[in-house]
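Participant: Positions 715 to 894 (the working numbering) are the ones given, in order, by the sequence shown. Provided herewith is a single structure, encoded as structure tokens, for subsequent inquiry.
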Amino acid sequence: MEIKYRDLILPNGLQVIISENHTLPTAAVNLWYHVGSKNEQIGKTGFAHLFEHIMFEGSKNHDTGFFQAIEKLGASLNGSTNSDRTNYWENFPSNYLEYILWLESDRMGFLLEAFDQKKFDTEKDVVKNERRQSYENRPYGMSHLVLQELIYPNPHPYHWPTIGYHEDLDSANLNDVKDF
């Protein structure tokens, strides 16, 4: 099976890959940032994943939750983070493509203007709970994290888990995350 696509580089350096299929009146956007936990520093881990969560909390021109705005259109969306990248995706009725792209561009350019201490504290707690649910409270859940630390000795940027360490998240402040 061959998937036809166009690969464009915009004047601002953003790479856009477009594959059109008009079989159904749906569209999908999958935005990748080439930033992941490898871009963090020792003592400041979990910031890429924390930022993934913060990106859903509104921006300068849309200062309400990203999930609510898109889900009410009949869309689905989420994000993920790993060592090398953070991505955000949406599947939605195609007549909302321009609106979805506007929301993405607004949070890409104006996220920090809407980011405050309350949102920071909320999302920091969410990430810490996610770590507990995904690793600490599961049988053998920590084995993945231990193996990662053994395979990639410190200070290799893959040494620490993408979700970070509790002590780093606890000591993080609003400016640390904005600087990241």
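Just so it is clear, CB atoms sit at the ideal spot from N, CA and C, and this is done for glycine as well.
Where are the alpha helix (DSSP H) runs, 4 residues long or more, that stay fully inside the region 778–829, in chain order?
Facilitator: Listed in chain order, the complete alpha helix (DSSP H) runs (minimum 4 residues) inside the region 778–829 are 780–785, 811–824.
Participant: Which stretch, first to last residue, makes up the beta strand (DSSP E) that contains Asn744?
Facilitator: Taken as a continuous stretch (DSSP letters only), the beta strand (DSSP E) holding Asn744 covers 740–747.
Participant: Less than 8 Å between the CB atoms is what I'm expecting for Glu818 and Val743, so what's the real figure, rounded?
Facilitator: Sure, about 6 Å apart at Cβ, within 8 Å.
Participant: Between the alpha carbons of Asn809 and His736, how many angstroms are there, rounded?
Facilitator: Answer to the nearest angstrom: the Cα atoms are 12 Å apart.
Participant: Would you give the residue range spanned by the beta strand (DSSP E) that Leu722 belongs to?
Facilitator: Per DSSP, Leu722 belongs to the beta strand (DSSP E) from 720–723.
Participant: Are Arg845 and Ile877 closer than 8 Å when you measure CB to CB?
Facilitator: In this structure, Ile877 lies closer than 8 Å to Arg845 by Cβ.
Participant: Whole-angstrom Cβ separation of Ile784 and Ile814, contact assumed at under 8 Å?
Facilitator: That pair is a contact at about 7 Å.
Participant: When the Cα atoms are used, what is the spatial distance from Gln831 to Asp890?
Facilitator: Approximately 12 Å, taken between the alpha carbons.
Participant: Is the beta carbon of Leu791 sitting closer than 8 Å to the one on Val841?
Facilitator: In this structure, Val841 does not lie closer than 8 Å to Leu791 by Cβ.
Participant: Can you tell me whether Asn796 sits near the ligand MN, meaning its C-beta is under 7 Å from at least one heavy atom of the ligand?
Facilitator: The ligand MN is absent from the structure shown, which contains no ligand whatsoever.
Participant: Drop a sphere of 10 angstroms on the beta-carbon of Thr836, count the other beta-carbons inside from all chains shown, and report buried for 16 or more, exposed for fewer.
Facilitator: Exposed, because fewer than 16 other Cβ atoms sit within 10 Å of the Cβ of Thr836.
Participant: Given a cut-off of 8 Å on the beta-carbon distance, is the pair Lys677 and Ala886 in contact?
Facilitator: Since the first and last residues shown for the chain are 715 and 894, residue 677 lies out of range.
Participant: Would you check if the distance between the CB atom of Ser751 and the CB atom of Ser794 is smaller than 8 Å?
Facilitator: Going by C-beta atoms, Ser751 is not nearer than 8 Å to Ser794.
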